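Chemist:
Residue numbers (this note's numbering), protein chains in the order written: chain A, 1 to 316; chain B, 1001 to 1290.
#1: Return yes when the Cβ of residue 185 (chain A) is within less than 9 Å of the Cβ of residue 213 (chain A), no when it is not.
#2: When the Cβ atoms of the segment 1135–1154 of chain B are set against those of the segment 288–296 of chain A, are three or more pairs found closer than 8 Å?
#3: Tell me which residues share the same chain as residue 20 (chain A) and place their Cβ nearer than 7 Å to its Cβ, disregarding the 5 neighbours each side in the sequence.
#4: Per DSSP, what kind of secondary structure is residue 1182 (chain B) in: helix, strand or coil?
#5: Examine the Cβ distances between the segment 1201–1214 of chain B and the segment 1235–1250 of chain B and report whether three or more of them are shorter than 8 Å.
#6: Straight-line CA distance for residue 188 (chain A) to residue 305 (chain A)?
#7: Could you tell me whether any Cβ in chain A is nearer than 9 Å to the Cβ of residue 1104 (chain B)?
#8: Taking just the CA atoms, how far does residue 1083 (chain B) sit from residue 1092 (chain B)?
#9: Out of B:1165, B:1270, B:1217, B:1255, which one is the CA nearest neighbour of residue 1200 (chain B)?
#10: Just to confirm, is the Cβ distance from residue 1050 (chain B) to residue 1144 (chain B) under 9 Å?
#11: Return the Cβ separation of residue 108 (chain A) and residue 119 (chain A) in integer angstroms, given the expectation that the two are a contact with Cβ distance under 8 Å.
#12: Answer with yes or no whether the minimum CB distance from residue 300 (chain A) to chain B is below 9 Å.
#13: Does the segment 1033–1046 of chain B come within contact of the segment 1088–1107 of chain B, defined as at least 3 CB pairs closer than 8 Å?
#14: Using a threshold of 9 Å, state whether the C-beta atoms of residue 1044 (chain B) and residue 1203 (chain B) are closer than that.
#15: In angstroms with no decimal places, state the Cα-to-Cα distance between residue 137 (chain A) and residue 231 (chain A).
#16: Look up residue 1123 (chain B) in the DSSP assignment and say whether it is helix, strand or coil.
#17: Tell me the start and end of each unbroken alpha helix (DSSP H) in the segment 1213–1256 of chain B that is at least 4 residues and wholly inside, in chain order.
#18: Quick one: residues in its chain with C-beta nearer than 8 Å to the C-beta of residue 96 (chain A), no 5 flanking neighbours on either side, listed in chain order?
#19: Excluding the 5 residues preceding and the 5 following residue 180 (chain A) in the sequence, name in chain order all residues of the same chain whose CB lies nearer than 6 Å to its CB.
#20: Alpha carbon to alpha carbon, what distance is there between residue 1193 (chain B) and residue 1124 (chain B)?
#21: Who are residue 1134 (chain B)'s beta bridge partners in DSSP?
#22: Give, in chain order, every residue of the segment 1002–1036 of chain B whose Cβ lies closer than 7 Å to some Cβ of chain A.
#23: Just the C-alpha distance for residue 317 (chain A) and residue 1196 (chain B), rounded to the nearest angstrom, thanks.
#24: For a contact meaning CB atoms closer than 9 Å, what does residue 1114 (chain B) contact in chain A?
#25: Does residue 1127 (chain B) pass the burial test, meaning 16 or more other C-beta atoms within 10 Å, or should it be called exposed?
#26: Runs of 4 residues minimum, wholly inside the segment 1040–1079 of chain B: which ones carry the alpha helix (DSSP H) assignment?
#27: Comparing C-alpha positions only, which one of A:46, A:26, A:123 sits nearest to residue 226 (chain A)?
#28: Assuming residue 217 (chain A) and residue 52 (chain A) are in contact, meaning their beta carbons sit under 8 Å apart, how far apart are those beta carbons, in whole angstroms?
#29: I'd like to know if residue 1277 (chain B) contacts chain A, where contact means its C-beta is closer than 9 Å to some C-beta of that chain.
#30: For the segment 277–302 of chain A, list every residue whose C-beta sits within 9 Å of some C-beta in chain B, in sequence order.
#31: If we require 4 or more residues per run, which alpha helix (DSSP H) segments fall completely within the segment 1139–1188 of chain B?
#32: With DSSP as the reference, please indicate the residues paired to residue 144 (chain A) in a beta bridge.
#33: Residue 239 (chain A) to residue 259 (chain A), Cα distance in whole Å?
#34: Out of A:297, A:36, A:146, point me to the one whose CA is closest to residue 367 (chain A)'s CA.
#35: With a cut-off of 8 Å, do at least 3 Cβ pairs link the segment 1221–1238 of chain B to the segment 296–303 of chain A?
#36: Using a 10 Å radius around the Cβ and a threshold of 16 neighbouring Cβ atoms, would you call residue 82 (chain A) buried or exposed?
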């Protein structure tokens, strides 16, 4: 295997992530680092889902945080108001996200370009308005507490536990995504990305495939949302807001469209930036806006694909 | 009946602002295919700059004038430093850039101004005029006539001047426009300037009624966009009608259904229109070239 093939191989990427996740904690001086790393993996998981939709299939969603919100509120509302165990609420959330994505996706995935962008944006904002207004269920703008995850009498708590849960989930999510992309469906999705018309001429049911990947990406986001809520123990409508959706898209583009490893890199940058920039206080929004603009103008190719291309040039 | 009339008045007032935001969207979209999500920030900047210049002792008419000029400068800077460098990018990247710009401008406004709500004095006092059992603020009439004046002036400019004709040509076919010697770059820059000015004026007109803060831009942009979409994006007359229609829908929803879900109307409209009529009420279907 040449250097280039080694670097491009998806298996290499998965192994690298596993090794990284296993060794990283050796360098963590405090629980705070576990916490940040766990957040990176959780958002990277949502990033994989969005990447399947955006990077591979070429369909944008500016409302994906809406699905994070469904997953998050499922594990918050289920145990509190309906007496469901958290793990069941988690599954209900994923199923609900899939159902909502299926219903909404059917009409709006026919749209393209900015029409699709705006429709998904409207959808995400709508969900966030619902979470804010249904205060009797969700606690309104102040949010609500989330019960701990209990599995066979064992309670998942603490940053370290969640680090391992989220890291393992990310690896599973990445393996599933890689397998999906290597399946006939994955090839159909990439064909749609290159040309919808050509894909249709080849006999691909474009509408159905797009809907499939939209539903899958919604489930990824929902799972990430549930983790986020269970991990934080508290949830507010902000989790499903417009800004979150934008951050998700920025993660995917920054890391690299169509790169699973890129989802992790993008999530790492976007999650850690506010921590690093916390000394900026009031200037945080300005800097975030500047970064989004700069990424879109100068780093449109994404970090991981740019690096891969660079390495490929050096080791042909 | 008085109730209905009351809702119509408030719907028209807010709708006029949505119409102006939608008009700004349309101008930039027609010239450059860019969907400018920072459009709402122009409205915010116009209102807030006037407020703070006023607080600093500048007479309000002069403050308003400076605010408009400052907002135009921001619009031109947005075009020059954020849109131009990414000219070759796809629509989604351009949307993300304008969203980044919107977050940046909001953050900047929080630093330069503050996060609180501010108001301006109403132009002709705050005594409502009674019409058929409903009340309408004199300022609402200012907003309505102001919006009308802008629409008429813009129409006259585009329809009657050579530069306006160049704008129409650019919107119709950019390459063809360039071939006949039109400087399309200047047209795009000019569209950003005009859109910024329209946004700023809308902000100055509406602030005495709805107040303003550094946060108002995002929602206004989304609603202005919904209005533009409703009318069929790229259609200036459609944008104005869409704005008024959205304002009325919101007022009725708030009055008869639920005031909490007033803000949801715009997004339901977006989803409904795009699902049923993917090209808006007045838009025409576009055929892709393969």
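Note that beta-carbon positions come from the ideal geometry of N, C-alpha and C, so glycine has one too. In this text, all values refer to a predicted model and were calculated from it rather than measured experimentally.
Modeler: For this structure:
#1: yes
#2: no
#3: none
#4: coil
#5: no
#6: 22 Å
#7: yes
#8: 12 Å
#9: B:1217
#10: no
#11: 4 Å
#12: yes
#13: yes
#14: yes
#15: 20 Å
#16: coil
#17: 1216–1230, 1236–1252
#18: 70, 74, 222
#19: 186
#20: 29 Å
#21: B:1131
#22: 1035
#23: Residue 317 (chain A) lies beyond the stretch modelled for chain A, which goes from 1 to 316, so this question has no answer here.
#24: Within chain A, no residue comes near residue 1114 (chain B); the closest Cβ sits about 10 Å away, beyond 9 Å.
#25: exposed
#26: 1060–1078
#27: A:46
#28: 5 Å
#29: no
#30: 282, 283, 284, 285, 286, 287, 288, 289, 290, 291, 292, 293, 294, 295, 296, 297, 298, 300
#31: 1162–1172, 1174–1179
#32: A:235
#33: 25 Å
#34: There is simply no residue 367 (chain A) to check, as chain A begins at 1 and stops at 316 in what is shown.
#35: no
#36: exposed
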